[in-house]
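So the structure is just underneath, and the comments pick up after that.
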Amino acid sequence: MAAITQPPSGMRDLLPEDVRRRERVIGAVRQVYESHGFEPLETPSCERLDVLLGKYGDEGDQLMFRVMHRRDKLRSALDDGALRTDPERVLADMALRYDLTVPLARVVAEHQGKLPRVFKRFQIQPVWRADRPQKGRFREFLQCDLDVAGSSARTVEVEVLSAASEVLQRLGFADFRVRINHRGVLAGMIEAAGIPAELEASTFVAIDKLDKIGRDGVLRELATRGVTAESAASIATMLDPVDGGNDAELARLRTFLAPSPRGLAALDDLAAVLALAAGSPLAARLAVDPSLARGLSYYTGSIFEITVPDLAGSLGGGGRYDGLIGIFLGRDVPACGFSLGLERIIVVMEERGMFGGPTAAADAMVGIFDASLTRDALALARELRETGLRVDLHCDASKIGKQYQDADSRGVPCVALVGPDEVGRGTVSLKWLKTGERAEVPRGEAAAWIRQRLGTT
RNA sequence: GUGGAUGUAGCUCAGUUGGUUAGAGCGCCGGACUGUGGAUCCGGAAGUCGGGGGUUCAAGUCCCCUCAUUCACCCCA
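So in numbering that gives the first Met the number 0, spot 351 of the first sequence is number 350, and the numbers just go up one at a time.
Shown next, in the form of structure tokens:
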């Protein structure tokens with residue numbers, strides 16, 4: 000039986016063209032993040048299990064890829080009395096990181112003395128989730144995170160969202176929305192609707208499905224989660240859409256949240272963020288949406304999500320998490336961040352044809368006229384490379400026509416060749432494949448000839 | 001983890017109520033064309049029909065299991 004050569008489910012090989020596309024997108028992300036004054040950070044792919052568990056909610060704990068104990072520790076774990084009741088906890092001591100936010104929180108706690116009081120960091124690294132793959136969802140994917148730890152100023156929210164939306168703008172997206180809500184608003188809604196606090200998390204989930212299952216769907220969902228019909232109806236009313244934009248939405252919510260001081264404070268918070276964003280390119284994208292909930296349990300304040308019409312999930316999400324670092328450090332440090340999902344951005348860009356044609360690996364290829372002239376070909380390639388051109392060398396002296404064909408099939412725009420005649424005259428024969436133009440020029444002028452055409456075609 | 005759809009050549013797909021040696025287009029390789037790619041023509045290679053089991057005289061086709069892909073749910077980037 001032949002070996003299975005597919006990578007593990009939900010994980011992918013990236014062929015050269017894939018890598019080039021990703022690098023283009025990553026380059027844009029990095030450039031924008033750096034332009035906002037954020038510093039790079041990298042952390043290990045694994046974390047201790049205790050660092051990760053309990054930070055994301057039950058679902059998150061289950062979707063973590065765990066790393067088993069090795070050797071003797073594995074053997075003794077197999078003898079552990081708790082093996083049957085909690086095997087995943089007993090058999091594993093590490094897990095692949097599930098996001099980049101919890102590792103950041105750990106780093107802030109671990110290296111507090113070495114980091115600036117307000118730490119603005121970006122991090123572009125893969126994360127792993129043992130989810131079932133589907134469109135735009137993978138088990139290994141790259142997150143592009145941007146966070147500020149150490150400040151509760153609302154400028155942080157605006158900076159983080161501005162950077163994320165500038166990335167998308169620069170990549171050519173014209174139709175994304177930045178949805179924004181606040182955990183305090185949600186808590187206030189639940190309080191005002193008379194739903195007991197222990198149903199809060201469950202209610203979040205139901206509310207979050209509004210755009211997918213509609214108002215009636217949310218009512219049904221709330222009922223199955225144990226919310227009374229009266230409370231559910233009250234919540235549904237609070238979610239009804241309003242005309243007139245964000246100000247009207249805030250005003251409307253203010254009437255519902257009157258009985259909840261926490262809810263009103265959260266509205267003030269949201270209003271502050273909107274006010275700071277006013278007049279910026281971000282402002283036109285921002286949409287207050289009381290149905291946005293988000294499942295990760297560490298969020299405490301504003302929460303955000305960026306969506307486009309043609310993808311069910313989001314291109315990115317984030318929020319404020321003022322309690323997470325405190326779990327590691329013992330005293331709370333406010334923090335807020337956003338994460339763009341590289342794969343999802345690429346899925347949409349590919350579907351929309353936003354990448355254009357394939358890109359070539361080299362600017363020119365040097366052919367080998369025959370085996371006796373191999374050294375001359377090597378020398379020519381060297382000369383051209385010294386001028387900064389990307390130059391491929393045909394690997395052998397196959398038939399000349401074949402060599403031209405090889406160059407063309409790889410998208411290399413130019414072939415340079417030295418045969419016996421050229422050696423005698425000190426020249427190079429050049430051909431520009433796209434136009435068919437041919438020329439024989441003195442060796443020293445070959446690079447200029449190529450460069451001139453690279454710019455124009 | 002739950003549900004649906006789909007697995008035939010490198011790619012896209014045909015393949016009749018089960019019936020001889022499983023086909024096409026594109027791509028690939030070679031030739032026509034021994035100092036120049038793309039066009040045309042000619043020729044060629046390429047398949048454990050995802051894997052295993054079953055039914056049958058006979059299975060790419062029917063049944064079961066399994067694996068993979070994909071879409072949706074859950075949740076999320």
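Ideal Cβ positions, reconstructed from N, Cα and C, are used throughout, including at glycine.
- Here I345 has R20, R21, V24 as same chain residues with Cβ atoms under 7 Å from its own Cβ, once five neighbours each way along the sequence are excluded.
- In the structure shown, K398 falls within a coil segment according to DSSP collapsed to helix, strand and coil.
- Secondary structure in the region 6–84: the beta strand (DSSP E) runs of 3 residues or longer, each lying completely within the stretch, are 45–47, 65–67 in chain order.
- For E158, no beta strand (DSSP E) encloses it; the enclosing alpha helix (DSSP H) starts and ends at 154–170.
- Taking each of H181, Q122, V440, R29 in turn and checking the Cα distance to T299, the smallest one comes out for H181.
- If you compare the alpha carbons of L249, I399, R65 with that of D49, the shortest gap goes to R65.
- Closest by C-alpha distance to E190, out of P258, A311, A447, L170, is P258.
- Three or more Cβ pairs closer than 8 Å define a contact, and the region 230–244 meets that threshold against the region 195–209.
- Between the C-alpha atoms of D362 and A415 there is a straight-line separation of about 11 Å.
- Of the residues assessed, E220 falls on the buried side of the cut-off, its CB having 16 or more other CB atoms within 10 angstroms.
- Assigned with DSSP and collapsed to three states, K211 falls in helix.
- Under the three-state reduction of DSSP output, T306 falls in the strand class.
- Of the residues assessed, M188 falls on the buried side of the cut-off, its CB having 16 or more other CB atoms within 10 angstroms.
- In this structure P412 is buried. Its beta-carbon is surrounded by 16 or more other beta-carbon atoms within 10 angstroms.
- Annotation: the continuous beta strand (DSSP E) that includes G318 extends over 315–319.
- Bounds of any beta strand (DSSP E) do not take in M237; it lies within the alpha helix (DSSP H) bounded by 228–238.
- I194: not part of any alpha helix (DSSP H); DSSP gives it neither H nor E.
- Secondary structure note for F327: its alpha helix (DSSP H) is the uninterrupted segment 323–328.
- A distance below 7 Å between beta-carbons, with the five flanking residues on each side excluded, links R169 to the following residues of its chain, in chain order: A27, V31.
- In its chain, beyond the 5 residues on either side, R20, M348 have a beta carbon closer than 7 Å to the beta carbon of F354.
- If you draw a straight line from the Cα of D60 to the Cα of R136, it comes to about 18 Å.
- A distance below 7 Å between beta-carbons, with the five flanking residues on each side excluded, links E87 to the following residues of its chain, in chain order: R65.
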